[in-house]
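S.K.: Residue numbers (this note's numbering): 38 to 473.
Would you mind keeping the following structure in view while I ask a few things?
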Ligand SMILES: [Zn+2]
């Protein structure tokens, strides 16, 4: 058992971070502490239950104690409007130490070994996600877009980097970087600038653990690739033809000369044979101009052996050497990026984490702080899935994510638990699961 990664341990560390939240009130209402507001918002995301606080207030009234106190360390249960006003001025950077702490413990506990890929690198996938959208509510940090009906849509978005691995169902959240409207006029400029800021703030640290950045075509441009190299990381980035004309002209030239690398293999997927065809070349110019950065390029096409139908086709630029012996592993790592869309952002958006709805927007930084709390809630569940045997058994047994959270919600509404372990033990006993 990884004691320092246990939920009660992590909750305590997070509570210590909440205790450091600044209290910027000038008034006299001190009944609700800022730390309680942080704990309260986190508890709603962690339990995925919008009425958790309401239930616990009722329990407090009936029993004199509640799970808000025992499981989340709240002294008092603040109202939604108090949570909003207390947390609105708190910068999300206060939460950043928590991501590092989890990362360091996963590394020290050997858990990240299962995430190491080709050349034992950790793959960090970058992707943007929108976490607030409105046609009415706005603030100076809102980005905006014109809708076809003439109205303006205000939104907030962030980069949410995660560690992924092709064969691993889990993704591990790292510090998010918030996309600012002043970063550029185009949506993609804003995302690239946020990516560069993330590298400046966190790149050197994660580079020390041997890391490779994954990203879509948006990122495979010279300024970003340079920033990745300056941070001493590797990269495997999607490289589309229509955005890299010169590079693909060079590929066509090498092909015509008969010197483009080619490698083919067959793979049986359980139902039919798949033909993997790799094309690759080294030291291609990423763009025009004499200062063009040189990158290695590979393309993978997968064809159904029987029908000849193309099942998959994509190309990447990378700083890893592309050889007959390496292209398979590089492409597999590059393809692991789809997980950031499927397993991170979609879960956050669609599977009950209420990324876009809870508590609203605030007038200062509320929505970005809430995003970070939500990501941490997701990260804590991921850690439990990796290290906590009881939690793992429960999730396996209850199968559907929704079902697990419904059970937790109901139990916490009716019963008082002294600790997380008491809750999970109770559930395991009820389901007659062997936890010996
Ligand atoms: Zn805003």
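We treat Cβ as the ideally placed atom computed from N, Cα and C, and that holds for glycine.
Quick caveat: nothing in here was measured; it's all calculated off a predicted structure.
Looking only at its own chain, which residues have a Cβ that is under 7 Å from the Cβ of residue 207, when we skip the five neighbours before and after it?
M.R.: Within the chain shown, residue 207 is the residue found at index 170, counting from 1. Excluding residues within five positions, the ones whose Cβ falls inside 7 Å are 419, 422 and 423.
S.K.: Consider the C-beta atom of residue 190 and the heavy atoms of ligand 3; say whether any pair is separated by less than 6 Å.
M.R.: Although ligand 3 was asked about, the structure shown includes only ligand 1 as ligands.
S.K.: Spatial neighbours of residue 205 within its chain, please: CB distance less than 8 Å, with the 5 preceding and 5 following residues excluded, ordered by chain position.
M.R.: Against the chain shown, residue 205 aligns to sequence position 168. Contacts found: 151 and 152.
S.K.: Could you check where the alpha helix (DSSP H) with residue 449 kicks off and where it finishes?
M.R.: Counting from 1 along the chain shown, the entry for residue 449 is found at position 412. Element bounds for residue 449: 438 to 451.
S.K.: Could you tell me the distance, in whole angstroms, from the CA atom of residue 460 to the CA atom of residue 143?
M.R.: Within the chain shown, numbered from 1, the residue matching residue 460 stands at position 423. Within the chain shown, numbered from 1, the residue matching residue 143 stands at position 106. Between residue 460 and residue 143, the C-alpha separation is close to 24 Å.
S.K.: Once the 5 residues before and after residue 310 are set aside, which same chain residues still bring their CB inside 6 Å of it?
M.R.: Mapped onto the chain shown, residue 310 falls at position 273. Excluding residues within five positions, the ones whose Cβ falls inside 6 Å are 303 and 342.
S.K.: Consult DSSP for residue 393 and reduce its assignment to one of helix, strand or coil.
M.R.: Your numbering for residue 393 matches position 356 in the chain shown. Here the model assigns residue 393 a pLDDT of 48, short of 50, so the residue's position is not dependable, and the following value carries that caveat. Looking at residue 393 - three-state DSSP - the assignment turns out to be coil, as it is neither helix nor strand.
S.K.: For residue 203, I'd like the list of residues in its chain whose CB is within less than 6 Å of its CB, leaving aside the five on either flank, ordered along the chain.
M.R.: Mapped onto the chain shown, residue 203 falls at position 166. So the list reads 369 and 373, once near-sequence residues are dropped.
S.K.: I'd like the span of the beta strand (DSSP E) that includes residue 302, first residue to last.
M.R.: As a working note, residue 302 is residue 265 in the chain shown. Here the beta strand (DSSP E) through residue 302 covers 298 to 305.
S.K.: Determine the DSSP secondary structure at residue 339, reduced to helix, strand or coil.
M.R.: Position 302 of the chain shown, counting from 1, holds the residue named residue 339. Three-state result, residue 339: strand.
S.K.: Could you check where the alpha helix (DSSP H) with residue 129 kicks off and where it finishes?
M.R.: Counting from one through the chain shown, the residue named residue 129 turns up at place 92. Careful: residue 129 lies outside any alpha helix (DSSP H) and carries neither H nor E.
S.K.: Using the rule of at least 16 other Cβ atoms within 10 Å of the residue's Cβ for burial, across every protein chain shown, is residue 93 buried or exposed?
M.R.: By 1-based counting over the chain shown, the position of residue 93 is 56. By the neighbour-count rule (16 or more Cβ atoms within 10 Å), residue 93 is buried.
S.K.: With residue 411 as the anchor, note down where its alpha helix (DSSP H) starts and where it stops.
M.R.: In the chain shown, residue 411 corresponds to position 374, counting from 1. 403 to 424 is the span of the alpha helix (DSSP H), which, as asked, contains residue 411.
S.K.: How close, in whole Å, do the beta carbons of residue 254 and residue 275 come, if the pair is a contact with beta carbons under 8 Å?
M.R.: By one-based count along the chain shown, residue 254 stands at place 217. By one-based count along the chain shown, residue 275 stands at place 238. Right, the Cβ-Cβ distance comes to about 5 Å (below 8 Å), so this counts as a contact.
S.K.: Sorted by chain position, which residues of the same chain lie with C-beta nearer than 7 Å to residue 427's C-beta, five sequence neighbours on each side aside?
M.R.: By 1-based counting over the chain shown, the position of residue 427 is 390. Counting only Cβ-Cβ distances below 7 Å, and skipping sequence neighbours, we find 461, 462, 465 and 472.
S.K.: Report the partner residues of residue 165 according to the DSSP bridge assignment.
M.R.: Here residue 165 refers to the residue found at position 128 when the chain shown is read from its first residue. According to DSSP, residue 165 bridges with 196.
S.K.: Hey, residue 435 and residue 127: beta-carbon distance below 7 Å or not?
M.R.: As a first step, residue 435 must be located in the chain shown, where it is residue number 398. As a first step, residue 127 must be located in the chain shown, where it is residue number 90. The answer is no: Cβ separation not under 7 Å.
S.K.: Residue 345 lies in the alpha helix (DSSP H); which residues open and close that run?
M.R.: To locate residue 345, count along the chain shown from 1; it is residue 308. No alpha helix (DSSP H) contains residue 345, which DSSP labels as neither H nor E.
S.K.: Are the beta-carbon atoms of residue 238 and residue 159 separated by less than 7 Å?
M.R.: Residue 238 sits at position 201 when you count from the first residue of the chain shown. Residue 159 sits at position 122 when you count from the first residue of the chain shown. Cβ distance not < 7 Å, so residue 238 and residue 159 don't count as in contact.
S.K.: Threshold first: 4 residues or longer. Then list the alpha helix (DSSP H) segments lying entirely within the region 87 to 149, N to C.
M.R.: With a minimum length of 4 residues, the continuous alpha helix (DSSP H) runs that stay inside the region 87 to 149 are 89 to 100, 104 to 107, 117 to 124 and 133 to 145.
S.K.: Just the C-alpha distance for residue 375 and residue 197, rounded to the nearest angstrom, thanks.
M.R.: Position 338 of the chain shown, counted from the start, is the residue given in the question as residue 375. Position 160 of the chain shown, counted from the start, is the residue given in the question as residue 197. Taking the straight line from one Cα to the other gives about 13 Å.
S.K.: How is residue 360 classed by DSSP in three states: helix, strand or coil?
M.R.: As a first step, residue 360 is located in the chain shown; it is residue number 323 there, counting from the start. DSSP places residue 360 in coil when its eight states are reduced to three.
S.K.: Which residues does DSSP list as the beta-bridge partners of residue 191?
M.R.: Counting from one through the chain shown, the residue named residue 191 turns up at place 154. Beta-bridge pairing links residue 191 to 171 and 181.
S.K.: What number of angstroms, rounded off, separates the C-alpha of residue 447 from the C-alpha of residue 103?
M.R.: Taking the first residue of the chain shown as 1, we reach residue 447 at position 410. Taking the first residue of the chain shown as 1, we reach residue 103 at position 66. Computed Cα separation, rounded: 14 Å.
S.K.: Who are the Cβ neighbours of residue 314 in its own chain at under 6 Å, not counting the five residues just before and after it?
M.R.: The residue given as residue 314 occupies position 277 in the chain shown. Taken in chain order, the residues that qualify are 301 and 338.
S.K.: Just verifying my parser: in three-state terms, what is the DSSP assignment at residue 311?
M.R.: Within the chain shown, numbered from 1, the residue matching residue 311 stands at position 274. Strand at residue 311.
S.K.: Over the uninterrupted alpha helix (DSSP H) stretch that includes residue 79, give me the two end residues.
M.R.: Position 42 of the chain shown, counting from 1, holds the residue named residue 79. From DSSP, the alpha helix (DSSP H) with residue 79 extends over 71 to 84.
S.K.: Whole-angstrom Cβ separation of residue 410 and residue 78, contact assumed at under 8 Å?
M.R.: For this step, residue 410 is matched to residue 373 along the chain shown. For this step, residue 78 is matched to residue 41 along the chain shown. Rounded, the Cβ-Cβ distance is 5 Å, consistent with contact.
S.K.: Would residue 125 and residue 401 qualify as a contact pair, given that the criterion is a beta-carbon distance under 7 Å?
M.R.: The residue given as residue 125 occupies position 88 in the chain shown. The residue given as residue 401 occupies position 364 in the chain shown. Yes; because the gap between Cβ atoms is below 7 Å, this pair is in contact.
S.K.: Who are the Cβ neighbours of residue 250 in its own chain at under 6 Å, not counting the five residues just before and after it?
M.R.: Within the chain shown, numbered from 1, the residue matching residue 250 stands at position 213. 161, 265, 270 and 272.
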